[in-house]
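K.L.:
Following this message is one structure expressed as structure tokens.
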Amino acid sequence: MAAAGAAATPGGSPIARTSDGIGVSRYRELGLTDHEYDLIVSHLGREPGDTELAMLSLMWSEHCAYKHSKKLLRRLPTEGRHVLMGPGENAGVVDVGGGLGVAFKVESHNHPSAVEPFQGAATGVGGILRDVFAVGARPIAVLDSLRFGEVATSQRSRYLLDRAVGGIGHYGNSIGVPTVGGEIYFESSYEQNCLVNAMCLGLAPHDRLIRAAAAGPGNVLVLLGALTGRDGIGGASVLASAELGEGDEAKRPSVQIGDPFAEKKLMECCLELLDSELLVSLQDLGAAGLTSSSSEMAAKGGVGLDIDCARVPLREAGMEPFEIMVSESQERMLCVVEPARVDAVIAVCERWETLATPIGEVNDSGRLRILSGGDVVADLPVEILVDDCPLYDLEPAEPVGVDMYAPAPAVLRGDEPPAATLLALLGSANLASRLPVFEQYDPVVQSRTVRRPDDADAAVLALPTGEAIAVSIDGNGRRVACDPRRGAAEAVYECAANLACVGAEPLGLTNCLNFGNPEKPHVAWQLTEAVDGITEACHALEVPVVGGNVSLYNEAPTGPIFPTPVIGMVGRLPDPARAGRLAFAQEGDAIALVGGFEPSSRGSELAKLRGEAVAGPLPECDPAAVREAHRTVRVMVNSGALHSAHDIAEGGIAVALAECCVAGGIGATVTLPNGLDPFAEAPGRAFIVSGPQSALTGLQIIGRVGGEALVIGDALDIAVAELHRTRRGGLAKLLQ
Amino acid sequence: MRFGVIRFPGSCDEVDAQLACQRFGEAVILWHRDRDLKGVDAVVVPGGFSYGDYLRVGAIARFAPVMEEVAEFAAAGGIVLGICNGFQVLCEAGLLPGALLPNTSLRFIFRQVELEIVSVDSPFTGAGESGQRLSIPVKHTTGRYYAPDAELARLEAADQVLLRYAPGENPNGSLNDIAGVCNEARNVFGLMPHPEHAVDPLTGPTGGLRIFESIRAHIADRTGAPA
Amino acid sequence: MRARVLVKPKAGILDPQGQAVERALPALGFTGVRNVHVGRLIELDVEDPDRLPEMCERLLTNPLIEDYEIVETEPVTS
Chain A
1 MAAAGAAATP GGSPIARTSD GIGVSRYREL GLTDHEYDLI VSHLGREPGD
51 TELAMLSLMW SEHCAYKHSK KLLRRLPTEG RHVLMGPGEN AGVVDVGGGL
101 GVAFKVESHN HPSAVEPFQG AATGVGGILR DVFAVGARPI AVLDSLRFGE
151 VATSQRSRYL LDRAVGGIGH YGNSIGVPTV GGEIYFESSY EQNCLVNAMC
201 LGLAPHDRLI RAAAAGPGNV LVLLGALTGR DGIGGASVLA SAELGEGDEA
251 KRPSVQIGDP FAEKKLMECC LELLDSELLV SLQDLGAAGL TSSSSEMAAK
301 GGVGLDIDCA RVPLREAGME PFEIMVSESQ ERMLCVVEPA RVDAVIAVCE
351 RWETLATPIG EVNDSGRLRI LSGGDVVADL PVEILVDDCP LYDLEPAEPV
401 GVDMYAPAPA VLRGDEPPAA TLLALLGSAN LASRLPVFEQ YDPVVQSRTV
451 RRPDDADAAV LALPTGEAIA VSIDGNGRRV ACDPRRGAAE AVYECAANLA
501 CVGAEPLGLT NCLNFGNPEK PHVAWQLTEA VDGITEACHA LEVPVVGGNV
551 SLYNEAPTGP IFPTPVIGMV GRLPDPARAG RLAFAQEGDA IALVGGFEPS
601 SRGSELAKLR GEAVAGPLPE CDPAAVREAH RTVRVMVNSG ALHSAHDIAE
651 GGIAVALAEC CVAGGIGATV TLPNGLDPFA EAPGRAFIVS GPQSALTGLQ
701 IIGRVGGEAL VIGDALDIAV AELHRTRRGG LAKLLQ
Chain B
1 MRFGVIRFPG SCDEVDAQLA CQRFGEAVIL WHRDRDLKGV DAVVVPGGFS
51 YGDYLRVGAI ARFAPVMEEV AEFAAAGGIV LGICNGFQVL CEAGLLPGAL
101 LPNTSLRFIF RQVELEIVSV DSPFTGAGES GQRLSIPVKH TTGRYYAPDA
151 ELARLEAADQ VLLRYAPGEN PNGSLNDIAG VCNEARNVFG LMPHPEHAVD
201 PLTGPTGGLR IFESIRAHIA DRTGAPA
Chain C
1 MRARVLVKPK AGILDPQGQA VERALPALGF TGVRNVHVGR LIELDVEDPD
51 RLPEMCERLL TNPLIEDYEI VETEPVTS
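See below:
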């Protein structure tokens, strides 16, 4: 029993800093600095106990506390007329009309996937699904953004790609949520630190949306779902907040194992509990398990919680209280229930074969107290867990006169004829068809998918209102490495351009900021510039950020990854039947170039293939012109005037034209505007559209659809069949 | 007419099947623990991953209480359609011949495939024409149809293969390109492709309509109600 | 009794998992490997081991495509 009084330390012997340094090494091993530990002692007025230290070290980790990014993230615009829930909840929610909201969020699972790609990617999908149904929304779509090393030369990267894709499919396909899109790029900077970012969208009537705030002293805390085991013990601090180095094999036991069948039942169960109005609040268990979910629920509701960890159903015997509190066993949720409704909750859970166990109570103490049988093993003010972690200012410094990243080995000399260049681009791992990957995902379950991957630049999902939403996920680390501010802004513009191509107007976005170690000045500079770039683009397009995630310390001994902000954007379109397609459709259609397009070869895919420096600056961008181009395309798609619309992104206008030809199985003859480099890039700003000549009046007509080859002026003339063969084989041959 | 769609824990495409059936009649969900088939004219055993596909696909679902009723319903001549996981369940339950094995690629595969109607002599293909092509998606990891040689020969001779993958379209290594088979009495049919995902022009090709149309026409004939 | 049931694909049935392993081993320098088959191991404590064959026939395996072997039984020490 702990003695009464402020200075008593619950849970047995305190971790005093002894002269032999044993105590010091323990909190340091848990990731706390001397300064942070001193702060904890001074806030508590005593040394923390074992369980308390385990809980605090996780809550004060980068992963939970965002201590190096929180101040910066405040720059992002988060308000807009469509926002129903903004950052801070399990997922952001935007209004899509008809009393419906769409919840969405993107989250990283990078380090777990580098250690065990199948389970890491699978549980990444599992985690983001729980974030979405935690707000009361039924998950309706998953998208993924993946980065690996050079698959053309790295066997390890091929293995990671194969297993991560397998894991995503395993979880998403089994749970009945379609994977409707995504993007994959290969760069050597991701060789040791692959990126696995998963995005989920959910649909809910406004009145079923629920927040995570615990409320009502006397109410019961009920743990739902899987048994608690030793999965991911220390995962949040050990796996997510430290650079990966030699000997990562030893970290394998702390990777979580996903069970999509358990999650499917848990999801149906939670949605039925919400439909029956049996819950006061709901929260998923992610990083730092019960510790983080319970303290965040308490903080949001301004209440206290008593949790008896002896009541938590365990998968393994002999687990210590601290292990129970930080376990990252998957497929669990925490909810607050009025005492009179606990039996009804348990009955619904039994129907879904889902365990429901009352483990604690809400009170007005403002403290999180953890009991184990009769003993108090932790007794902490909620704010020390959630609010008191120090926030650090970044110390950004622009690297001057040095290229941070080595160029890729040259595979083109630079004097090849344009036809050879185009085929090299189409067959390169970054631009080749993603079909071998997308074939491993179910894009149609739930019967909403109006545009599948490869049909259009954004996925389109029909709503019960008769309208539709569109979604796209984008990011280009190499371009951000060249020019962090413009590169990050481009990711926002490109997402919005993708939405415009199907006729959707942006409602909100979510981001995942994948960067290196922010304590290094040049990484801090990349991060700061990128956030400013995203902020500028958000203002320009009037799109708010409704949620997101930060993944830092993505570094290997060879250096940091390319700075990789990933943007996921959701938009709305009035008529799904008119949603745009990217394929050229009809012989004789006119082809037009829409938007100001002054591309440059810097940071382009061709620059990579030629082994050129990873260096900026990227082309300037006129936000008003971008907005106008997006509006033009959107309006024309919605009016039904166009037969196709495609944004000009990686590989420049030549690759964009080739993609439209391949998708439609038809050729085109085009004359490029004077001086336009067919392979130079300026993503997010311009489009290739096609339609009847009469419908394209006022646009810059550059050619005509028809024939069996793509002909660009005198520069090149390639059969569509050859374009198709090259593009289709580029990635497929690496995955056999 | 009235369809019943079974929901096991782990079913994924039961609502999709219900939506497809509702284009042709009423459609209710049947809970795996209930022994009540609610007086339906046809039962759909839907796709998904019943019981997580643990142990072996379909192996646990076949012992669900509702499946005892389905077996009795089938024995009495009731119309039963098994889609994907439902096909696997019906094979495990012995209501259909053969078994489904892992795809030769060992991977999950989603693909829009071309099918050919082999026999129109069934309640599931009666509204089609022999040799007619249908575009319907497949999505599975365990869809390679297998039956021992003698059994296979008997199935072919008895005209129990109702659907085949069109030449070059076999996505999983199924013997004889078999996409769907019926039982000897021709009232139970299982197929790996998902006809319920091919009924709405908004979301893709509509080859699946033929299957549901056929069932409705058959029930209407049998009950004397107008189709 | 503690029992182990080994389940493997019936002889003659295409076993792509086994083939994949058989192809992968030589790449790692393990030559001279043939007839690789990948199956499942089911471990269970049973009160009446005589009923194991029936369990295998009805649920644990699909006799159409799988063979099984009850490889060892030993008393459970608890």
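Protein chains in written order, with the working numbering: chain A, 1 to 736; chain B, 1 to 227; chain C, 1 to 78.
All C-beta atoms, glycine included, are put in the ideal place defined by N, C-alpha and C.
#1: Could you give the residue range of the alpha helix (DSSP H) that holds C/Q19?
#2: I'd like to check one pair, A/G166 with B/R107: are the Cβ atoms closer than 9 Å?
#3: Under 8 Å, with one C-beta from each stretch per pair, do the stretch 718 to 736 of chain A and the stretch 605 to 623 of chain A reach the 3-pair mark?
#4: Give the residues from the stretch 13 to 32 of chain C that approach chain B closer than 8 Å (Cβ to any Cβ), ordered along the chain.
#5: Quick check: is the beta carbon of B/R154 nearer than 9 Å to any beta carbon in chain C?
#6: Suppose the cutoff is 7 Å on Cβ atoms and the five residues either side in sequence are ignored; what does the same chain contact list for A/E605 look like?
#7: Closer than 7 Å, Cβ to Cβ, to anything on chain A: give me those residues from the stretch 130 to 143 of chain B, in chain order.
#8: With a Cβ-Cβ cutoff of 9 Å, do A/M325 and A/G373 count as a contact?
#9: Cα separation between C/R4 and C/E66?
#10: Which term fits B/G58, buried or exposed, when burial requires 16 or more other beta carbons within 10 angstroms of its beta carbon?
#11: Since B/G10 meets chain A, which of its residues come closer than 8 Å, beta carbon to beta carbon?
#12: In this structure, what does DSSP give as the bridge partners for A/Q283?
#13: Could you tell me whether any Cβ in chain B is nearer than 9 Å to the Cβ of C/T73?
#14: Could you pull the start and end residues of the alpha helix (DSSP H) that A/G477 belongs to?
#15: Let me know the secondary structure DSSP gives A/F104 once reduced to three states.
#16: What are the start and end residues of the beta strand (DSSP E) that includes A/I307?
#17: From A/L368 to A/P381, what does the alpha carbon distance come to, in whole angstroms?
#18: Could you tell me whether the Cβ atoms of A/V545 and A/G92 are closer together than 9 Å?
#19: Is A/Q283 buried or exposed, if buried means 16 or more other CB atoms sit within 10 Å of its CB?
#20: Name the chain C residues whose beta carbon is nearer than 7 Å to that of B/R56?
#21: At a Cβ threshold of 9 Å, is A/V450 touching chain B?
#22: Can you pull the DSSP bridge partners for C/K8?
#23: Looking at C-alpha atoms only, which residue of B/G173, B/G98, B/S130 is the closest neighbour of B/A153?
#24: Would you kindly report the start and end of the unbroken beta strand (DSSP E) that includes A/G571?
#25: Can you list, in chain order, the residues of its chain whose CB lies under 7 Å from that of A/A709, leaving out five sequence neighbours each side?
#26: Using DSSP with H/G/I as helix, E/B as strand and the rest coil, what is A/C621?
#27: Just curious, the beta strand (DSSP E) that B/S11 is in, first and last residue?
#28: From this set, A/C64, A/G218, A/I688, which residue's C-alpha is nearest A/A585's C-alpha?
#29: Using the C-alpha atoms, what's the distance from B/F212 back to B/F3?
#30: Beta-carbon of B/I109 versus every beta-carbon of chain A: anything under 9 Å?
#31: Are the C-beta of B/F3 and some C-beta of chain A separated by less than 9 Å?
#32: Going residue by residue through the stretch 313 to 394 of chain A, where are the continuous alpha helix (DSSP H) segments of at least 4 residues, counting only ones entirely within it?
#33: What separation, rounded to the nearest whole angstrom, lies between the Cα atoms of A/L513 and A/S551?
#34: Closest by CA to B/Y145, which one among B/N176, B/R62, B/P205, B/A93?
#35: Under a Cβ-count criterion, where at least 16 other Cβ atoms within 10 Å of its own Cβ denotes burial, should A/Q119 be classed as buried or exposed?
#36: So, is the C-beta of B/G86 closer than 9 Å to a C-beta in chain A?
P.N.:
Quick answer:
#1: 16 to 27
#2: yes
#3: no
#4: I13, L14, P16, Q17, A20
#5: no
#6: L425, S428, N430, L431, E650, G651
#7: P137, K139
#8: no
#9: 16 Å
#10: buried
#11: S174, F261, K264, K265
#12: A/L334
#13: no
#14: 477 to 482
#15: strand
#16: 304 to 308
#17: 6 Å
#18: yes
#19: buried
#20: N62
#21: yes
#22: C/D67
#23: B/G98
#24: 564 to 573
#25: G667, D717, I718, A719, V720
#26: coil
#27: First-last for B/S11: undefined, no H or E at that position.
#28: A/I688
#29: 10 Å
#30: yes
#31: no
#32: 321 to 326, 342 to 351, 382 to 386
#33: 6 Å
#34: B/N176
#35: buried
#36: no
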